[in-house]
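In order, the protein sequences belong to chains A and B. Just so you know, the first sequence maps onto residues 1 to 379 in the working numbering. Just so you know, the second sequence maps onto residues 380 to 656 in the working numbering. From the three backbone atoms N, C-alpha and C, an ideal C-beta is built for every residue, glycine too. In this text the structure is predicted, and so the values were computed from the model without any measurement.
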Amino acid sequence: MSKRVLLQGNEAVVEGALAAGMRFFAGYPITPSTEIAEQASLRLPLCDGHFIQMEDEISSMAAVIGASAAGVKSMTATSGPGFSLKQENIGYACLSEIPCVIVDVQRSGPSTGLPTSPSQGDYMQARWGTHGDHPVIALSPSSVGECYTLTVRAFDLSEKYRTPVILLMDEIIGHLREGVELPGKITPAERPVYEDPECLRHPYHIPEGAWVPGMKPFGQGEFYNVTGLIHDEEGFPTNSNEAARRLVRRLLDKIEKNYDDIVTVEEFMTEDADTLIVCFGGTARAAKEAVLEARAAGVRAGLFRPVTVWPFPEKELFALSGRVKRILTVEHNDGQMAREVERAVRGRCETAFLGKIDGSVITPREILEAVKEGRRNGK
Amino acid sequence: MASELIGKYMREDKLPHIWCPGCGNGILMRDVAQAIDDLGLDKRKVVIVSGIGCSSRAAGYMDFNTIHTTHGRAIAFATGIKMANPSLEVIVITGDGDASAIGGNHLIHAARRNIGLTVVVFNNSIYGMTGGQYSPTTPRGDYGTTAPYGNIDRPFDIAQLAAGAGASFAARGDAYHVQKTVDLIKKGIAHKGFAIIDCLTVCPTYYGRKNKKGGAVEMMKFQKENFIPEEIAARMTSEQLAGKRVLGVVANNDYPELTEEYAALIARAKERAGGGK
Chain A
1 MSKRVLLQGN EAVVEGALAA GMRFFAGYPI TPSTEIAEQA SLRLPLCDGH
51 FIQMEDEISS MAAVIGASAA GVKSMTATSG PGFSLKQENI GYACLSEIPC
101 VIVDVQRSGP STGLPTSPSQ GDYMQARWGT HGDHPVIALS PSSVGECYTL
151 TVRAFDLSEK YRTPVILLMD EIIGHLREGV ELPGKITPAE RPVYEDPECL
201 RHPYHIPEGA WVPGMKPFGQ GEFYNVTGLI HDEEGFPTNS NEAARRLVRR
251 LLDKIEKNYD DIVTVEEFMT EDADTLIVCF GGTARAAKEA VLEARAAGVR
301 AGLFRPVTVW PFPEKELFAL SGRVKRILTV EHNDGQMARE VERAVRGRCE
351 TAFLGKIDGS VITPREILEA VKEGRRNGK
Chain B
380 MASELIGKYM REDKLPHIWC PGCGNGILMR DVAQAIDDLG LDKRKVVIVS
430 GIGCSSRAAG YMDFNTIHTT HGRAIAFATG IKMANPSLEV IVITGDGDAS
480 AIGGNHLIHA ARRNIGLTVV VFNNSIYGMT GGQYSPTTPR GDYGTTAPYG
530 NIDRPFDIAQ LAAGAGASFA ARGDAYHVQK TVDLIKKGIA HKGFAIIDCL
580 TVCPTYYGRK NKKGGAVEMM KFQKENFIPE EIAARMTSEQ LAGKRVLGVV
630 ANNDYPELTE EYAALIARAK ERAGGGK
């Protein structure tokens with residue numbers, strides 16, 4: 001049975017996480033994500049889950065990975081500066097293949113920046129924040145309802161692919177309140193666990209047809225080693241170039257080769273569009289409004305919204321780029337996704353950009369003007 | 380006895396270890412295994428967590444659920460493991476730099492919370508893995524590759540630091556006095572709440588060479604003569620103890636343990652949410 005409730009985006013994340021089976025949360029207070037920690041501290045004990053406010057962002061990320069290694073679905077939430085601090089351990093979770101969900105409610109940067117102002121300046125940090133070549137899945141909600149559904153999806157993808165998943169929110173969505181229809185009972189995904197004797201001897205062994213290892217959580221009688229060093233199938237450190245290549249390649253491939261399972265987009269009025277707006281997260285709400293206003297003024301505009309923002313939905317955008325005259329990327333930064341757009345479009349149509357770095361929101365009017373003007377640079 | 384412990388608790392195919400000849404870490408790793416054996420712990424319920432550095436390679440050699448984490452963060456990872464499954468016996472193996480420099484914040488806060496972890500510090504007074512830089516426990520005036528004119532920092536006493544931060548059990552052991560150190564580790568594991576055993580070990584390769592302390596034998600002899608078990612120290616005069624370090628319990632208190640407190644919190648929260656039921 002679904003039910004209709006009034007929720008804030010940050011609150012909806014916690015509802016989604018609990019529905020997905022989250023039973024551990026570690027965090028550190030930071031605007032504008034703090035309501036997620038507050039709500040988690042209130043709700044988790046009622047579900048026999050654990051909440052802890054750690055001494056800093058780094059230890060929050062570490063505790064989340066530890067709890068997940070013990071078999072409990074775990075999440076943390078933060079914002080720009082805190083997201084930077086978590087990066088080393090996010091890389092650890094990538095390499096050791098321990099599922100977890102990281103929520104980044106973006107705020108205006110760089111540095112301490114404008115703590116209460118919206119921004120989408122962490123788009124590239126979500127992709128390349130941790131060092132080394134690594135896989136990334138990042139999802140970006142555009143409504144309170146999506147805060148719920150994409151948090152569930154973030155957990156499902158994280159368990160399935162045994163990798164950290166980033167819910168890349170922004171202050172607009174985190175603090176937005178709207179009525180949402182919460183689904184009834186959902187069936188969350190669980191991480192693969194293999195009983196194959198070969199896998200018991202070699203916990204990081206990948207059976208035929210699988211993408212990820214299937215070791216049991218700590219405490220269930222299977223003894224194995226987890227490390228952030230390049231490791232072999234037994235989970236032991238190795239300096240072998242071949243083992244390093246094989247491991248890192250598989251980590252990248254498990255996401256890249258499952259693109260179709262991971263990537264989702266929203267298309268709005270794209271069928272006959274000659275001007276396509278590419279926009280994600282909270283800013284996409286203004287873009288949708290601008291599409292409607294452009295249509296009313298006789299301009300055939302459409303919206304392409306990456307819901308999965310990493311991997312970038314390049315296949316879908318490339319297909320559309322053959323049908324439109326112009327693509328306008330609108331983001332709340334100085335043009336981070338715009339480069340991905342250019343890479344995906346490969347010169348098949350004209351591209352332009354509208355962005356903002358002053359902490360104020362991008363309005364439908366500004367987008368409409370950019371659509372009409374056909375301007376190349378919104379800076 | 381040692382070989383029996385190896386068969387029972389070590390991943391024999393991963394041995395020999397990477398530690399230098401004369402390093403005290405192997406003795407301390409054995410002490411941890413001995414303590415686990417003496418207490419008759421269920422192997423399935425033991426998780427060994429380590430950070431980064433020479434000390435932290437121990438996790439890989441020990442046949443339990445082991446997790447070799449990021450530099451300084453072992454206690455934070457261990458906190459998540461213990462919270463997620465309080466029935467686990469979570470033992471952290473860390474070094475002086477890992478625990479008290481980069482991980483110092485996690486150390487004091489875990490002590491303050493009194494979460495039921497046992498932290499065994501392999502304290503060699505130097506950064507060994509990176510080649511001999513001075514650490515927070517390098518004595519004043521000693522040399523390291525980054526202290527070519529002598530260290531001017533004042534060192535931490537890790538056991539006292541943890542006790543000051545509220546650790547309910549803190550103790551000091553060493554590499555030479557095996558029985559004493561095993562006993563302290565056992566007390567730490569059996570203790571309900573946060574327990575730390577700061578174990579002074581020897582690094583002849585870097586600390587010893589840089590500071591002209593002789594080889595492994597001379598460094599062990601130094602521990603034998605200058606580190607005094609508490610029961611012996613109790614019979615000595617203050618003149619006799621001048622310049623010596625006492626091995627033993629530094630703090631032992633009965634404070635509420637975090638995961639038990641959380642279980643009570645869950646019951647309280649449910650009762651409140653249940654309202655008039």
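Proximity test, Cβ basis, 8 Å: residue i and chain B
i, result
"residue 379/A", "At residue 379/A, the pLDDT of 43 sits below 50, so the modelled position is not reliable; the number obtained from the coordinates is stated separately. No, its Cβ sits nowhere closer than 8 Å to a Cβ of chain B."
"residue 40/A", "no"
"residue 218/A", "yes"
"residue 380/A", "Chain A is shown only over 1 to 379; residue 380/A falls outside these bounds and no answer can be derived."
"residue 142/A", "no"
"residue 351/A", "no"
"residue 242/A", "no"
"residue 224/A", "yes"
"residue 380/A", "Nothing about residue 380/A can be read from this structure; chain A reaches only from 1 to 379."
Cβ of residue i within 8 Å of any chain A Cβ
i, result
"residue 460/B", "yes"
"residue 485/B", "yes"
"residue 412/B", "no"
"residue 404/B", "no"
"residue 393/B", "yes"
"residue 442/B", "yes"
"residue 590/B", "no"
"residue 467/B", "yes"
"residue 656/B", "The pLDDT assigned to residue 656/B is 48, lower than 50, so where the model puts this residue is not dependable; a value taken from the coordinates is nonetheless given after this. Closer than 8 Å: no."
"residue 652/B", "yes"
"residue 438/B", "yes"
"residue 480/B", "no"
Proximity below 8 Å, CB of residue i to CB of residue j
i, j, result
"residue 471/B", "residue 497/B", "yes"
"residue 363/B", "residue 547/B", "Nothing can be reported for residue 363/B, as the shown portion of chain B is limited to 380 through 656."
"residue 176/A", "residue 139/A", "no"
"residue 145/A", "residue 97/A", "no"
"residue 584/B", "residue 494/B", "no"
"residue 66/A", "residue 22/A", "no"
"residue 10/A", "residue 165/A", "no"
"residue 16/A", "residue 76/A", "no"
"residue 500/B", "residue 575/B", "yes"
"residue 270/A", "residue 302/A", "yes"
"residue 20/A", "residue 73/A", "yes"
"residue 587/B", "residue 596/B", "no"
"residue 123/A", "residue 333/A", "yes"
"residue 266/A", "residue 305/A", "yes"
"residue 237/A", "residue 214/A", "no"
"residue 390/B", "residue 442/B", "yes"
Partner residues on chain B for residue i, Cβ-Cβ distance less than 7 Å
i, result
"residue 69/A", "446 and 460"
"residue 48/A", "645"
"residue 65/A", "456 and 459"
Beta carbon proximity, residue i to chain E, threshold 8 Å
i, result
"residue 649/B", "In the structure shown, chain E does not exist; the protein chains are A and B."
Proximal chain B residues relative to residue i, where beta-carbon distance stays under 9 Å
i, result
"residue 132/A", "The contacting residues do not exist; residue 132/A stays about 13 Å from chain B at best."
"residue 89/A", "448, 449, 452, 455 and 456"
Beta bridge counterpart(s) of residue i as assigned by DSSP
i, result
"residue 120/A", "Paired residue(s): none; residue 120/A is not in a bridge."
"residue 445/B", "225/A and 427/B"
"residue 4/A", "181/A"
"residue 310/A", "138/A"
"residue 74/A", "24/A"
"residue 389/B", "441/B"
"residue 169/A", "105/A"
"residue 553/B", "579/B"
Contacts of residue i in chain A (Cβ-Cβ under 7 Å)
i, result
"residue 369/B", "Nothing about residue 369/B can be read from this structure; chain B reaches only from 380 to 656."
Amino acids of chain B, ordered along the chain, whose beta-carbon sits closer than 8 Å to that of residue i
i, result
"residue 92/A", "448 and 449"
"residue 54/A", "455, 458 and 488"
"residue 19/A", "By Cβ distance, chain B contributes nothing, its closest Cβ being about 18 Å from residue 19/A, past 8 Å."
Proximal chain A residues relative to residue i, where beta-carbon distance stays under 8 Å
i, result
"residue 424/B", "219"
Within chain A, the residues that residue i reaches when beta carbons sit closer than 9 Å
i, result
"residue 641/B", "45, 50, 51 and 52"
Sufficient close CB pairs (3 or more, under 8 Å) joining the segment 127-135 of chain A to the segment 48-59 of chain A: no
Touch test, the segment 520-532 of chain B against the segment 91-98 of chain A, Cβ-Cβ under 8 Å, three pairs minimum: By the criterion of at least three beta-carbon pairs nearer than 8 Å, the segment 520-532 of chain B is not in contact with the segment 91-98 of chain A.
Take every Cβ of the segment 112-121 of chain A, pair it with every Cβ of the segment 25-37 of chain A, and state whether three or more of those distances are shorter than 8 Å. yes
Is it the case that the segment 421-433 of chain B contacts the segment 608-615 of chain B, given that we only count it when at least three CB pairs across the two stretches are under 8 Å? no
State whether the segment 219-233 of chain A contacts the segment 273-291 of chain A, with contact taken as three or more CB pairs (one from each stretch) at a distance under 8 Å. no
Does the segment 534-550 of chain B come into contact with the segment 622-630 of chain B, if we say contact requires no fewer than three beta-carbon pairs (one atom in each stretch) closer than 8 Å? yes
Are three or more beta carbon pairs between the segment 462-476 of chain B and the segment 501-518 of chain B nearer than 8 Å? yes
If you pair each beta-carbon of the segment 156-163 of chain A with each one of the segment 254-268 of chain A, do three or more pairs fall below 8 Å? yes
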